[in-house]
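What follows is one structure encoded as structure tokens, with my remarks underneath.
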Amino acid sequence: MKIINSDTHFDFMGKIKMTMAISGLVILIGLGSVALSGGLKYGIDFAGGTLIQLQFKTPPDIEVIRDGLKTISLGESTIQEFGSKRDILIRIQRSEEKLEAVGSKVRNSLGGKFNKEDITIERVEMVGPKVGRDLREKALLSILYAIIGIVIYISWRFELQYAVAAIIALVHDVLVTLGAFSILDKEFTLVIIAAFLAIIGYSLNDTIVVFDRIRENLRRRGKNTLVQTINASINQTLSRTLLTSGTTLMVVAALFFFGGEIIHDFSFALLVGILVGTYSSVFIASAFLVYWDSRH
Amino acid sequence: MYRDLKWKIPLILAVVLGSVLLAYPLKEKISLGLDLQGGMHLLLEVKVEKAVEASLERLADDIKRDIFDDDLELDRIKAIYEDRRVNVRMVDKLDLPPVKKILDDYPFFSLVSEDSDGLGLVYQLSADHVEQIEQNAVSQGLETIRNRVDQFGVSEPTIQVQGERRILVQLPGIKDPERAINLIGKTARLEFKLLDEEHSLEQALSGNVPEDSEILYQRVVDKETGAVTKEPFLIRKRTVLTGETLTGAEVRFDSDFNEPYVSLTFNSVGAMIFQQVTRENIKKRLAIVLDGNVYSAPVIQDEIAGGRAQVTGGFTSAEARDLAIVLRAGALPAPVVILENRTVGPSLGKDSIDKGFTSIIYGSLLVVVFIIFYYRWSGVIAVTALFLNIVLLAGALAYFGAALTLPGIAGIILTVGMAIDANVLIFERIREEVRIGKTVRAAIDAGFSKAFRTIVDANTTTFIAAVVLFQFGTGPIKGFAITLCIGIAASMFTAVFVSRTIFDATMSQRKLDKLSI
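As you go down the protein sequences, you meet chains R and Y in turn. Per the numbering used here, the very first residue in the first sequence carries number 247; after that it's consecutive. Per the numbering used here, the very first residue in the second sequence carries number 104; after that it's consecutive.
Here is the structure:
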């Protein structure tokens, strides 16, 4: 069975002006959204704070919960449904260093309005500001070190311009995903950083398959121009690119729909990242090789 | 070349069998992370500076006693926390040389300056000694917490020092996390102090606190309404006896009201001091102070010999039991604060496992159906390789003792997607080779060898990202990195080596003119 004809001759490199413009626009919108919302929206992992997940026997009224919480001065807090109407997530900006049990404190504050037995404390996460700072630093460093390691490897296996092209493509992917997160008002947490690193890995995986073919074809290109060779390489690997993206998307989509609320944003990041990663291998990374060639 | 099959097939069977043995039965062999089985992750910071301050106070007290013993007239001695110094001031200049002599016995104190009026000396604790106190505070704190957790009864707890002054406590499957926090984090500094009955409490409350005394409070809970009130006491700062001399602490029940209390037993030194204090202070009140809170302040009726005392305070029996545990395990040398707390209830953990596995099954089914539909017989080979990949992954997880976390399950899912990629690369290449007219055998050879380099390059980059993630990540993230690393390694073996072997084995049986791909 075949999804696409084995003998395609799409002129990918002929479209790069348009795709560059689209990518540029998408990234600009994303960064604009980040700027407008005053920077990235950090989850408690990076900003510090407390998060309490409660499960009620019957769907509660969020306003009633809000009134209940007012009796214990917790500072600024947000209350939202988490996956189902019975599951409630409460976020508190402050983190409590003291050994006070914040979970039961919250539950007790709701005691007058609900039957305490009907409320289960499912999860309590508290991250102090010091740890938040540490984690933020670690997350940035990890992305930086991953990029450095990958540049070294690709420069060794290929040539420098391939490494630069691959990095530009993955920065593109991360920026687009970042923008999507900012526009949809999703939070950055440790788990999302893991998703970003997975995206980096995946995006590269994809880029390298294309590059590998370009390198192979360049050795015997004869009279063909670089653009023709790149176009041919992308066409030859096209069915693989679509197949792999397809199967990976299938499993990530399964995770997105069935994996539950906790992992929802993580799988969302992967979903966006895989789509963008496939696109960028062709339209960003390969296009950069053409650009580099025209400058040297 | 089919002769290779003689060792390839047994090797594959051995690896698979080994993995199955390592991972079977799954429930016992693969440990679950705290996010899946429920439990508590606590990162504590030891306030080591408090231990240094306490040490400084103790040393100042010792020096004071030495000066009194030598019949010298002390003006005052004061500990200066910020500089780790003590300032000793005498009434008479002539007393300074003998004081210096006394301080010679404290080798970790060095003279830094003399007061300009010639009546005082300033000594500083050496940096080495301060560091030693700090290290002790952390290592003793760790021991104490371990003792408490052991007595609380948690299976397979992790308690370790992280960095210089942090302690990581992980308690899997814990039912009552909030009680555990109280138990672990309570400093449990038990002190016996006499009440200051010479000065008026009212005056002290209005701001006129005598120099050697302080106001401490007793929390009184009204059993009917649950309302908490605080009752003030004027108490002498000097501690007559501490919990360090305890040998035992047990819960007992009051025979009249059946109320729980904690019965204390002192060692011989403690018993002696207790006897002396009670003898000298009959009809006075002795306060029992725990972490700065007064628990009770009974009037001493008579000299108490035998080294026994009791702490009452309107406890519930759980509170009394926990108090007995912390007193038996000893006080923390310095208080701790919580830097990070992640607690997951058991039902949420179970929910996550169910959802994680549901997505693995649905995701894999989709891929399996699609790949077989797309590649036919070769697709079956790819799916076999994929299945073995998951078996190897389970075996490796069991072997490394790596805990499976929710992001770890996501890692498995991502591995499923990416393991198929290697086969897709190979099969697409074989199709190309067939298209340019190669024989089945030559096409398979060329397909595998040409795709191999691509697979190595592509997987290595992902591997680098995963290794970095492992180095920097904590807890659940580490789980993701581990499954991704193992998954990549396993997929290199299964997708390249195993599926090649299956191709070869099929072809050694019968000659194929046409490949089902």
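Even for Gly, the Cβ is constructed at its ideal location relative to N, Cα and C. Remember, predicted model here, so these are calculated numbers, not experimental data.
Residue i: contacting residues in chain Y (beta-carbon distance under 7 Å)
i: residue 504 of chain R; result: 458, 461, 462, 465
i: residue 486 of chain R; result: 527, 528, 531
i: residue 494 of chain R; result: 520, 521
i: residue 403 of chain R; result: 560
i: residue 410 of chain R; result: Here the premise fails: no neighbours, minimum Cβ distance about 15 Å.
i: residue 391 of chain R; result: 571
Proximal residues of chain R, C-beta to C-beta of residue i below 8 Å
i: residue 443 of chain Y; result: 372, 373, 374, 377
i: residue 556 of chain Y; result: 458
i: residue 450 of chain Y; result: 301, 366, 368
i: residue 536 of chain Y; result: Neighbours of residue 536 of chain Y on chain R: none; closest Cβ ~12 Å, over 8 Å.
i: residue 473 of chain Y; result: 492, 493, 496
i: residue 580 of chain Y; result: 436, 437, 439, 440
Contact under 8 Å by Cβ, residue i with residue j
i: residue 497 of chain R; j: residue 599 of chain Y; result: no
i: residue 537 of chain R; j: residue 457 of chain R; result: no
i: residue 394 of chain R; j: residue 509 of chain Y; result: no
i: residue 467 of chain Y; j: residue 620 of chain Y; result: no
i: residue 194 of chain Y; j: residue 166 of chain Y; result: no
i: residue 515 of chain R; j: residue 460 of chain R; result: no
i: residue 414 of chain Y; j: residue 367 of chain Y; result: yes
i: residue 435 of chain Y; j: residue 291 of chain Y; result: yes
i: residue 150 of chain Y; j: residue 352 of chain Y; result: no
i: residue 447 of chain Y; j: residue 223 of chain Y; result: no
i: residue 286 of chain Y; j: residue 264 of chain Y; result: no
i: residue 505 of chain R; j: residue 450 of chain Y; result: no
Minimum C-alpha distance to residue i - residue among the options
i: residue 425 of chain R; options: R:298, R:301, R:518; result: R:518
i: residue 382 of chain Y; options: Y:362, Y:394, Y:366, Y:404; result: Y:404
i: residue 162 of chain Y; options: Y:385, Y:428, Y:211, Y:149; result: Y:211
i: residue 183 of chain Y; options: Y:168, Y:201, Y:410, Y:159; result: Y:159
i: residue 321 of chain R; options: R:296, R:371, R:405, R:435; result: R:296
i: residue 179 of chain Y; options: Y:191, Y:168, Y:440, Y:185; result: Y:191
i: residue 584 of chain Y; options: Y:573, Y:446, Y:594, Y:590; result: Y:573
i: residue 594 of chain Y; options: Y:615, Y:565, Y:250; result: Y:565
i: residue 251 of chain Y; options: Y:419, Y:274, Y:235, Y:400; result: Y:274
i: residue 267 of chain Y; options: Y:186, Y:312, Y:146; result: Y:146
i: residue 367 of chain R; options: R:351, R:376, R:378; result: R:351
i: residue 567 of chain Y; options: R:258, R:283, R:324, R:398; result: R:398
i: residue 428 of chain Y; options: Y:365, Y:259, Y:324, Y:385; result: Y:365
i: residue 360 of chain R; options: R:534, R:332, R:442, R:539; result: R:332
i: residue 268 of chain R; options: R:522, R:502, R:489, R:401; result: R:522
i: residue 525 of chain R; options: R:464, R:423, R:462; result: R:423
i: residue 123 of chain Y; options: Y:412, Y:323, Y:493, Y:279; result: Y:493
i: residue 487 of chain Y; options: Y:522, Y:136, Y:462, Y:497; result: Y:522
Proximal chain Y residues relative to residue i, where beta-carbon distance stays under 8 Å
i: residue 558 of chain R; result: The shown model of chain R, from 247 to 542, leaves out residue 558 of chain R, and the question about it has no answer.
i: residue 451 of chain R; result: 521, 524, 561, 562, 564, 565
i: residue 388 of chain R; result: 571, 572, 574, 575, 576
Under 7 Å by beta carbon: chain R residues contacting residue i
i: residue 642 of chain Y; result: Nothing about residue 642 of chain Y can be read from this structure; chain Y reaches only from 104 to 620.
i: residue 454 of chain Y; result: 506
i: residue 569 of chain Y; result: 447
i: residue 446 of chain Y; result: 369, 370
i: residue 583 of chain Y; result: 440
Amino acids of chain R, ordered along the chain, whose beta-carbon sits closer than 9 Å to that of residue i
i: residue 469 of chain Y; result: 493, 496, 497, 499, 500
i: residue 170 of chain Y; result: Those within 9 Å of residue 170 of chain Y in chain R number zero; the least Cβ separation is about 39 Å.
Residue i: contacting residues in chain Y (beta-carbon distance under 9 Å)
i: residue 324 of chain R; result: Those do not exist, as residue 324 of chain R stays about 19 Å from chain Y at its closest Cβ, beyond 9 Å.
i: residue 479 of chain R; result: Within 9 Å Cβ-Cβ: nothing; residue 479 of chain R doesn't reach chain Y, min ~12 Å.
i: residue 350 of chain R; result: 281
i: residue 288 of chain R; result: Within 9 Å Cβ-Cβ: nothing; residue 288 of chain R doesn't reach chain Y, min ~15 Å.
i: residue 395 of chain R; result: 564, 567, 568, 570, 571
Cβ contact (3+ pairs, closer than 8 Å) linking the stretch 299 to 306 of chain Y and the stretch 390 to 405 of chain Y:
no
Counting Cβ pairs, one atom from each stretch, are 3 or more of them under 8 Å apart for the stretch 112 to 121 of chain Y and the stretch 601 to 616 of chain Y?
yes
Determine, using beta-carbon pairs with one atom in the stretch 150 to 158 of chain Y and one in the stretch 522 to 538 of chain Y, whether at least three such pairs fall under 8 Å.
no
Relative to chain R, which residues along the stretch 263 to 290 of chain Y have a C-beta separation below 8 Å, given in chain order?
Residues passing the 8 Å Cβ filter: 280, 281, 284, 285, 288, 289.
Of all the residues that make up the stretch 515 to 534 of chain R, which are near chain Y by a beta-carbon distance shorter than 9 Å?
516, 520
So, do the stretch 253 to 264 of chain R and the stretch 329 to 337 of chain R have three or more beta carbon pairs nearer to each other than 8 Å?
no
Could you name the residues of the stretch 108 to 128 of chain Y whose beta carbon sits closer than 9 Å to any beta carbon of chain R, in the order they occur along the chain?
none
Assess contact between the stretch 482 to 500 of chain Y and the stretch 472 to 480 of chain R, defined as three or more Cβ pairs (one per stretch) separated by less than 8 Å. Is contact present?
no
Select from the stretch 414 to 432 of chain Y all residues with a C-beta closer than 9 Å to any C-beta belonging to chain R, and list them in chain order.
Residues: none.
What are the residues of the stretch 243 to 261 of chain Y that lie near chain R, defined by any Cβ-Cβ distance shorter than 9 Å?
none
Interfacial residues, the stretch 138 to 158 of chain Y to chain R, with Cβ spacing under 7 Å:
146
Mind the definition here: the stretch 339 to 354 of chain Y touches the stretch 373 to 381 of chain Y only if three or more C-beta pairs lie below 8 Å; say whether that holds.
yes
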